[in-house]
Amino acid sequence: MPRPKKARLIDASSEAAVVLPPRRSRQIAGQPDATFDDLGVDVIAIIYGFLGPMDIMRSRLCRKLRKAATTTTVPPTNFTVNSVQKHNAMRAMATALPNLQQIEIGGLNEGHKYSDGDDPYEQENENYITHDIDILSGFRNLRLLSIYHAHLNGRYPLLFQFPLLQKLEIYDCGNLKFDLEILVGLPVLEELYCNDIRFLTGNINSLRVLNDTLAKVTIRDCFEVQGNFMDLADFPRLNELNLLETDVIGDIRDVGERDFLALEVLTLPKGVYGGMGYKFQLISDVPGIISTLYPIYKQRPILLKDSLAELSRHSPDWYNGIVRHDTPPFGIEFVAAGSRVGYQWKTLYLFSACEVIWLDPEPDRESIDYEKYTEELQEIERYFYHGFQQPPTEEEYHHFWAERRG
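Residue 106 is where the sequence shown starts when you use our numbering, and the numbers rise one by one after that.
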């Protein structure tokens, strides 16, 4: 077997010479053959900006890395405090990662709770081990703060002192107390979500300090919140507003052409004329209510899209139904198929419907709207109470169900 020939050196001037590409030099921070020691703190901080908070905490193995972490702007990454271990991690992060941008505060382990705030509602679980929530104040650059089922008790002003916060979510937090006026401490807030907070008080006109920034507002199941929804009518960026189950009042007929210009989603409480759950006294009142609201719906349907008015239980027309967890069809709402608008009586919980009372004529078969009309009509015409365009009388109702059940 022939032996392989040894490689020959070729003179660079020879035609057979092969020009090899220059050896790529390792360059870090602009220095050839740089090492970790050559990396500046600012460069490490940039690298850390691509990691999550827990990864950064685990990698701080020397003084330089620890210093870089304190200057790192940690990208919005969900970090949830839902155990004592996570609470301890948050305590460490308050000094190690002060530029954290997103935190979610949840409940702690059994036998542990957050320390009471000012003016606690009552002394709860006195034998529980308490943990400080004031350490949140160390994160001055928070952009997103969520508090879910944290079972707080009293007032915590520090929760509302973040100058860069853009989104605040608070859901079902026990006996947490605060007034809407305290939101002045969140000057660039864009999204506010408050749900099921029984000790939330105040008037929604307090939100006017955030007129130029608020885009989404949900204050729901907060029964002590008052005011008139029209106080928010000139907010230029407001595209979602949900005030269901609050004590807010108003009249949808007051909305002018220049009000709520950016609005895409609107849900108003029963205290507003035209709001969800608005009560009327007699079935015979409905044609007048519909004739008042119909022009508003035609012009700006978004104002009445999530609106279901209902017969008052104190009405002489009210009677109890026989269907479990439902009522007779005592609610009304607008419906639309294409450009055609009507209204429909429905039950209040299962939404079983009567036949539509159309307010517009059927579109011409040759119109561009007709195909969309027929498609959406199929969804609407799934009637339950066939033959009824308004609630049956009590006698008709029982006869209907007797026949249905055979």
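The beta-carbon is built from N, C-alpha and C at its ideal position, and this holds for glycine as well.
Every value quoted in this text rests on a predicted model; they were computed, and no experiment measured them.
Give me the residue from the options with the minimum Cα distance to residue i.
i: T397; options: G382, Y448, T432; result: Y448
i: R470; options: T479, W463, L464; result: T479
i: G211; options: K191, R429, D352; result: K191
i: V179; options: R405, F456, M162; result: M162
i: L482; options: V330, S444, H419, E501; result: S444
i: G157; options: T177, D359, Q266; result: T177
i: F385; options: Y402, V360, S417, D339; result: S417
i: P268; options: D237, D224, D284, L315; result: L315
i: A255; options: Y276, L241, Q266; result: Y276
i: Y502; options: L319, D223, W423, D284; result: W423
Report yes if the C-beta distance between residue i and residue j is below 8 angstroms; otherwise report no.
i: N333; j: T372; result: no
i: L288; j: L247; result: no
i: N183; j: Q207; result: yes
i: P468; j: Y475; result: yes
i: A442; j: F489; result: no
i: S220; j: T200; result: no
i: V353; j: I309; result: yes
i: D364; j: D336; result: no
i: G436; j: L464; result: no
i: K169; j: I149; result: yes
i: D356; j: Y378; result: yes
i: I240; j: C278; result: no
Beta-carbon within less than 8 angstroms of residue i's beta-carbon, same chain only, minus the 5 sequence neighbours each way: which residues are those?
i: Y226; result: N258, G259, N280, K282, F304
i: L270; result: L247, R248, L249, L250, L291, V293, L294
i: H491; result: E460
i: P203; result: T175, G243, F244, R245, N246
i: E286; result: G307, S311
i: P341; result: N316, D317, L366, A367
When burial is assigned at 16 or more other CB atoms within 10 Å of the CB, is residue i buried or exposed?
i: E486; result: exposed
i: E350; result: buried
i: R128; result: With a pLDDT of only 49 at R128, under 50, the local geometry of the prediction cannot be trusted, and the value read off the model is given with reservation. It is exposed - the Cβ of R128 has fewer than 16 other Cβ atoms within 10 Å.
i: G511; result: exposed
i: E508; result: exposed
i: P392; result: exposed
i: E415; result: buried
i: Y153; result: buried
i: L455; result: exposed
i: S130; result: Only weak support is given to the placement of S130: the predicted model assigns it a pLDDT of 49, under 50, and the question is left unresolved by the model.
i: P421; result: exposed
i: N425; result: exposed
i: T327; result: Note that residue 327 is Cys in the sequence shown, not Thr. Buried, because 16 or more other Cβ atoms sit within 10 Å of the Cβ of C327.
i: L343; result: buried
i: G361; result: exposed
i: G380; result: buried
i: I115; result: Per-residue confidence for I115 stands at a pLDDT of 42, beneath the threshold of 50, marking its modelled position as unreliable; the derived number appears in the next sentence. Answer is exposed; the Cβ neighbour count stays below 16.
Spatial neighbours of residue i within its chain, please: CB distance less than 7 angstroms, with the 5 preceding and 5 following residues excluded, ordered by chain position.
i: V440; result: G447, Y448, Q449, V461, I485
i: I395; result: Y448
i: N528; result: Since the displayed the chain opens at 106 and closes at 511, residue 528 lies outside it and no answer follows.
i: H504; result: none
i: K172; result: V146
i: K403; result: V446
i: W506; result: I427
i: F493; result: C459, E460
i: D411; result: L371, T372, M381
Name, in chain order, the residues that DSSP records as bridge partners for residue i.
i: S251; result: E209, E274
i: A358; result: The sequence given here has Arg at residue 358, not Ala. Answer is none; R358 lacks a bridge partner.
i: C299; result: I275, I324
i: R445; result: A442
i: R260; result: D223, K282
i: V377; result: G355
i: E415; result: K384, G436
i: A150; result: None, per the DSSP bridge assignment.
i: N347; result: T323, T372
i: N333; result: I354
i: A458; result: K451
i: H236; result: Y219
i: Y502; result: The partner list for Y502 (beta bridge, DSSP) is empty, contrary to what the question assumes.
Apart from the five residues just before and just after residue i, which ones in its own chain have a Cβ nearer than 6 angstroms to its Cβ?
i: Y298; result: E274, T323
i: V370; result: E345
i: P433; result: G426, P496, Y502
Just to confirm, does residue i get its C-beta within under 7 angstroms of one of the non-hydrogen atoms of the ligand NAD?
i: Y454; result: Ligands displayed in this structure: none; no statement on the ligand NAD is therefore possible.
Contact criterion: CB-CB distance below 8 angstroms. Does residue i meet it with respect to chain D?
i: A174; result: This model lacks chain D altogether, as it is built from one protein chain only.
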